[in-house]
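Per numbering that gives the first Met the number 0, the sequence shown starts with residue 0, numbered consecutively. Report on one structure; see the data block that follows.
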Amino acid sequence: MSLTFELLAEDTQTEARLGRLTLPHGVVETPVFMPVGTQASVKGLLPEQVEAAGASIILGNTYHLALRPGEDRVAQLGGLHRFMNWERPILTDSGGYQVFSLEDLRQLDDDGVRFRSHIDGRWLELTPETAVAIQEKLGADIIMCFDECPPSQAPKEQVLAAVERTTRWARRCRDALTSEDQSLFGIVQGGIDEELRQQSAEQLVELDFPGYAIGGLSVGEPSEVMLEVAAKTARHLPRTKPRYLMGVGRPLELLEAVAGGVDMFDCVMPTRNGRNATAFTTQGRLKLRNACYAEDERPLDPEWPAPYVGHFSRAYIRHLFMAGEMLGPIIVSLHNIAFYCRWMREIRERLRDGRFNEYRASALARFGDSL
């Protein structure tokens, strides 16, 4: 078995859980946030900086890596871990999200999806079998089933068709898997329809994957709806297996999703906001282009200083952005990754000492909508 998951503690007032995920490239304490390294790089950051920030597992993307540099080249160069000089665990998404996000560049049928490359226009075909084969060559610890993610406002008939196709594709992914040191997760779909979510979860649980993801959320629906659907979906997934909410989200959304029983998260928000001069801090979000920071000598976050960059002043960082210097996005991206990892560590510590719901209430009261 290439994955083991232990439940270390369960909150008595919520569905939150403290766990330990053991993978071929290391141990991951859960709940955990995974920085996104779509193209074998967490944008702007060195691997040692990402690790120093507290990351224990990162994410890569099958679609993007298959286009460039290609899975064969990555395999030839020793696999994704060696290629990007990251020795800790990696999870690769299957490319299924691109079924949703690249709707204008793809052709979809029961066999799979043909994408027209956003880089050079050539066609890439992804089926359940090729998605698994590509991920096996990339060599990630956790790989994902190929799925269909319908738009959040799609008619129920379209969402049902996506659920049924996702189940068929999940079975084909399971049957195509040949690697013994990679763990394949199923992905629950169903839009915001509770009945379809339950149907999708139950069908995938029958296929007995080592872990399950909740996909197809945070694609346009309100945050409170997303969190409610995620929590209700988690109840239909096995208690003893890890649960991964894909593509979410803000720190307070992560906190609420943990309360709903979720163990794993990824999101581009820390680095995307970092490149756009927005920092997540214990004082809320700071928009560093604002003139009020022009002479602000305080560091980004006196309570939670980030490694390497915790001593830089807000005034200096604002100057970097206003001058177009690349160091600005690097500093704030690293700070944001460190903030997210520290946020999850605080959650784990409160689960460990039995004070999670107290911490949750305090955080919600303190930050409101500012985080």
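Even for Gly, the Cβ is constructed at its ideal location relative to N, Cα and C.
* Quick one: Cα of Gly327 to Cα of Lys155, how far? -> 45 Å
* To do: Quick one: give me the first and last residue of the alpha helix (DSSP H) that Cys144 is part of.
  => Element bounds for Cys144: n/a, residue is neither H nor E.
* Helix, strand or coil at Phe279 according to DSSP, with G and I counted as helix -> Three-state result, Phe279: strand.
* Asked: Which two residues bound the contiguous alpha helix (DSSP H) that contains Ile316?
  -> Start and end: Arg313 to Met321.
* To do: State buried or exposed for Pro250, treating a residue as buried only when at least 16 other CB atoms are found within 10 Å of its CB.
  => Buried.
* Asked: Going by the CB atoms, is the gap between Arg347 and Val50 shorter than 7 Å?
  -> Contrary to the premise, residue 50 reads as Glu rather than Val in this sequence. Against a cut-off of 7 Å, the Cβ pair of Arg347 and Glu50 comes out as no contact.
* alpha helix (DSSP H) runs wholly inside the region 45 to 100, at least 4 long, in chain order -> 46 to 51, 61 to 66, 70 to 75, 79 to 83 and 96 to 100
* Going by other Cβ atoms of all chains shown within 10 Å of its Cβ, with 16 needed for buried, is Met33 buried or exposed? -> With 16 or more other Cβ atoms within 10 Å, it is buried.
* Closer than 6 Å by C-beta to Trp342: which residues in its own chain qualify, once you throw out the five before and the five after it? Chain order, please. => Pro250
* Assumed close pair Val35, Asp265 - CB separation to whole angstroms, cut-off 8 Å -> 6 Å
* Asked: Gly273: which of Lys286, Ile57 and Asp262 sits nearest, CA to CA?
  -> Lys286
* Option in Pro23, Ser361 and Glu9 with minimal Cα separation from Asp180 -> Comparing Cα positions, the closest option is Pro23.
* To do: Could you tell me which residues DSSP puts in a beta bridge with Trp122?
  => Arg115
* Given a cut-off of 7 Å, decide if Phe320 and Arg288 are closer than it, judged by their beta-carbon atoms. => yes
* Any idea what DSSP makes of Tyr243, helix, strand or coil? -> strand
* Closest by C-alpha distance to Val41, when choosing among Ala293, Val112, Val331 and Leu363 -> Val331
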